[in-house]
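Structure record follows, encoded as structure tokens.
Protein chains in written order, with the numbering used here: chain A, 18 to 414; chain B, 18 to 414.
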């Protein structure tokens, strides 16, 4: 058996920027042939988003590794016909246009299904294909705001805060990938394709976790609470001599251990801090006592001392430390790849470690249109003459 | 065909708290029979985490819907033998014990594979099964700190900030689900099971997105930058008369539209704000001009005005608004379910909308041990007498 679980599958990738491309990157890492369709003039908008290395967008290169690039002018009927020919032979289609665009081009699911009933047709959009907001524009920060996620992130008593990575794109990308895999599994049993409709807003509402539960139980509107946990104490960042450390104490046994190693056994015996519910109620007083005890230590000293006692703790790493962290490197979670123009590029590795079908990063992100000829010849049987005609008519780049 | 893509599959669920349970919840929503194994005394630790409704943890109930609960004393050899019998007939095993625990119990992958080579055996842990940190304890905030995610989240110039939902658990849960589905797809072709090894830290490193790219290109360490985007401007929250709104302008055409509806056409013509790169360089001056123009509007007025002009914008919703948002309700992303003790409970809906195999929320989270007898009789052929003997010996609850 091939060790890439998706080997032999063809993905037509009509996605741009981040949410769709993150999904098709995973499919490529696990062996699918991902054919990215781009406009001949400028391609994916992400190619224009910095930072740049020798004119190449590091942003684009980081989420489009392992894909092929085919340019097609979808504004011309002939371009759309070529796309239909590609769809007819594909296993999966992923698109993240504004709802209504695929319909406008005559490429909506019902039409495409008539060509290829086995196709899995996945749409990722801001709000989904239906409902009152369906046609509204959305970006990561728009859904971070609407979903309530920003309202529960931020310093205690402070303003709502955007999560510093675009999880409004990435989380729905992961749900889309799960859906595509479920659809593939179903197809392997039934022979039938289907339509997926994933919304960025839905994806963030699905991960609000205990915020929905807390609101309905207490009728108190959850607010930003800094770094502490909404129901477990102490579970927070703490000031030490030269910065901050994180300490996460999930039960009373660990709390006793913590007080012992910090040489404040009286705090462990204090009735105000006996059980988690007591500690949580008296969180501010406890934090102040713990920070007093920690004030004599540097980060390194405190982490060593707590770590040796088996207390969950961590530094707050900056990115320069993350890319050199021994565990991150041991797990191959930051890897290097050579791009033909940009040179050596650091990329995030593959977080799905599988013993039988491990996947791998296949090749760097494509130059715009680099695979147009090869794909049209190989998959659609076009001749060199056809290719030249298409190029003359500005159907391909 | 059954409309649940995972119908007929048996999942042995040895997970607790959040990361593993979130994964098996998705499997249950799509029709797998998820058998949650819990300790007879107290079960999943999450049953003790508040808030509570009539003594039932809303936290536990929100991520364990649709599962069965079987109590087994895994400290007793007889309990582990029953677990092995269950594993022998299962399709998927998910566990999130500290690495080394399954080995200690003689339940490591190599041993279980000998019983059932078709089994997909998925482990979720803080740092993965190998590497220098493998045996260290981890919680969400520990990996949020180590991964660099906190270092890029927070107010501009302020302290690193925890993301207000436990994405250190949830993101790896989604990667685990993708891996399980890939392994199932592979098994449908090859007949072979395999081992998955997912780390919470890996999951967060994988979603750092442009932070790794920015660091390697500029050698500047990314820091918290509040709500603005690291490379697109204006893309931020803005003060209006009665709060904040979000405005996300991805290109110069939209920027002109924004200036037009805010009646500041001179700003659109200002050389400092011509292209995105200019706007980004002069972000502070631009923000001040935009907030001046927005200061006359309430949130509602500003959103109506901008929305009509097609400019991506949004309120920063609090959770009370999210659970009543018309789009969230239209997409069934907050649903109600009746629990036999707690009564009506609001839960997040299913964000993977599939036309052919849509999945559904099957039933409320189980009472501790409610399915022990039925599962042992049905899947292992135990008699009433066997059950009583096991109960007398404290092997089951």
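Glycine included, every Cβ here is placed at the ideal spot set by N, Cα and C.
Check	Outcome
Exposure label - residue 81(A); buried when at least 16 CB within 10 Å	buried
Cβ shell of residue 170(A) (< 8 Å), same chain only, five flanking positions each side left out	177, 178, 179, 180, 241
Residues that residue 253(A) bridges to, as DSSP identifies them	264(A)
Extent of the continuous alpha helix (DSSP H) run through residue 94(A)	94-105
Chain-ordered chain B contacts of residue 203(A) [CB-CB under 8 Å]	18, 22, 373, 374
Contacts of residue 76(A) in chain B (Cβ-Cβ under 9 Å)	226, 227, 230, 231, 248
Integer-rounded CB distance, given that residue 223(A) should sit under 8 Å from residue 42(B)	Actually they do not touch by this definition, with Cβ atoms about 10 Å apart.
Any 3 or more C-beta pairs closer than 8 Å across the region 186-206 of chain B and the region 238-252 of chain B	no
Of the residues 89(B), 254(B), 368(B), the one placed nearest residue 141(A), counting alpha carbons only	368(B)
DSSP-derived helix/strand/coil call for residue 359(B)	coil
Endpoints, the alpha helix (DSSP H) within which residue 295(B) is located	293-298
Residue 405(A) beta carbon near the ligand GTP (any heavy atom closer than 6 Å)	Among the components modelled here there is no ligand, and therefore nothing to report on the ligand GTP.
Per-residue burial, residue 131(B) [other beta carbons within 10 Å of its own, 16 or more giving buried]	exposed
Contacting residues, own chain, Cβ-Cβ under 6 Å from residue 326(B) (five flanking each side not counted)	274, 278
Close-in-space but distant-in-sequence residues of the same chain around residue 151(A) (CB under 7 Å, 5 per side omitted)	116, 144, 145
Chain A contact residues for residue 200(B), given Cβ-Cβ distances below 8 Å	22, 371, 373, 374
Below-7 Å beta-carbon distance, residue 167(B) vs any chain A residue	yes
Chain B contacts from the region 206-227 of chain A (Cβ-Cβ distance under 8 Å)	206, 207, 209, 210, 211, 212, 213, 214, 215, 216, 218, 219, 220, 222, 223, 224, 225, 226, 227
Boundaries of the alpha helix (DSSP H) in which residue 59(B) is found, first to last residue	From DSSP, residue 59(B) is part of no alpha helix (DSSP H); its letter is neither H nor E.
Residue interval of the alpha helix (DSSP H) (run including residue 180(A))	Neither: residue 180(A) is in no alpha helix (DSSP H) and is coded neither H nor E.
Neighbouring residues, chain A, relative to residue 72(B) (Cβ below 8 Å)	The contacting residues do not exist; residue 72(B) stays about 12 Å from chain A at best.
Span of the alpha helix (DSSP H) around residue 402(A)	401-409
Any chain B beta carbon closer than 7 Å to residue 114(A)	no
Range covered by the beta strand (DSSP E) that runs through residue 140(A)	137-142
Rounded straight-line distance, which links the Cα of residue 47(B) to that of residue 23(B)	6 Å
Span separating the alpha-carbon of residue 65(B) from that of residue 362(B)	18 Å
Rounded straight-line distance, which links the Cα of residue 194(A) to that of residue 397(B)	35 Å
Classification of residue 319(A) by the beta-carbon crowding that lies within 10 angstroms, buried from 16 upward	buried
Interface residues of chain A facing residue 348(B) [CB-CB closer than 7 Å]	145, 148, 216, 219
Opposing strand residues paired with residue 40(B) [DSSP bridges]	Per DSSP, none; premise fails for residue 40(B).
Under 7 Å between C-beta atoms of residue 401(B) and residue 86(B)	no
Assigned exposure category for residue 174(A) - 16 Cβ within 10 Å defines buried	exposed
Three-way DSSP call (helix, strand, coil) for residue 377(A) in this model	coil
CB contact below 7 Å: residue 81(A) versus chain B	no
C-alpha gap between residue 220(A) and residue 160(A), whole angstroms	9 Å
Backbone secondary structure at residue 219(A) - three-state DSSP	helix
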